[in-house]
Every structure is written in C-alpha cells, then in structure tokens.
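Residue numbers (our numbering): 171 to 259. Okay, so here's the structure we're looking at.
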C-alpha cells in the first residue's frame, strides 16, 4: 500500500487504457467510503478511463461514460460513485 502511495506522489504514467483501469482498481482498494478524488487532465487524458477502473473495482455494472453534457452521473455498486465533470463550472 505504501509503495502505491509513493508511486502516486512521484507520478505514474500508464501506457494503455487497461493499465489506467488497473491502477484505478489498486487506488479504489485504498480509498475510504467518503473519499473525494479530483482528476485533472486534458481531453483524452484518461480521466474517465480511471473512473471506469474505480467503477469496476466497486462492482458497478453500468457503462461509465464522460458526464460532460449532464455534468454528473451517479453509479451504485458495492459503493456509490459520483462522476462529476467540473469543466463548465
């Protein structure tokens, strides 16, 4: 666990969508139920792919898509996930 936290602090660069989702799954296991994550990056950087990995780790069955047009989407699995796009706020 500490190794992952150190990697996150120093920066991790994934090469594929699968690597990004796998990293999110590892992060999901460390997050308390009331955690708030802020993901920042350019269009196509992998933010929604990361959220998709969180959703998979939390047994969310719905397809995760970018909430750009509706601002946020709420998903329910073993945990609740609120995916918010704050670009226009």
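We put the beta carbon where it would ideally sit given N, CA and C, even for glycine.
Residues of its chain near residue i, where Cβ-Cβ distance is below 6 Å and the 5 sequence neighbours each way are ignored
| i | result |
| --- | --- |
| residue 218 | 236 |
| residue 253 | 221, 237 and 243 |
| residue 196 | 174 |
| residue 247 | 228, 229 and 230 |
Buried versus exposed call for residue i [16 or more other C-beta atoms within 10 Å across all chains shown]
| i | result |
| --- | --- |
| residue 131 | The structure shown does not extend to residue 131, since the chain is modelled only from 171 through 259, so no value can be given for it. |
| residue 225 | buried |
| residue 190 | buried |
| residue 208 | exposed |
| residue 251 | buried |
| residue 234 | buried |
Beta bridge counterpart(s) of residue i as assigned by DSSP
| i | result |
| --- | --- |
| residue 239 | Its beta-bridge partners do not exist; DSSP assigns none. |
| residue 250 | 246 |
Beta-carbon separation (whole angstroms), residue i vs residue j, contact threshold 8 Å
| i | j | result |
| --- | --- | --- |
| residue 216 | residue 180 | Actually they do not touch by this definition, with Cβ atoms about 18 Å apart. |
| residue 256 | residue 228 | Rounded, the Cβ-Cβ distance is 21 Å, inconsistent with contact. |
| residue 223 | residue 192 | 7 Å |
| residue 258 | residue 203 | The Cβ separation is near 28 Å, so there is no contact. |
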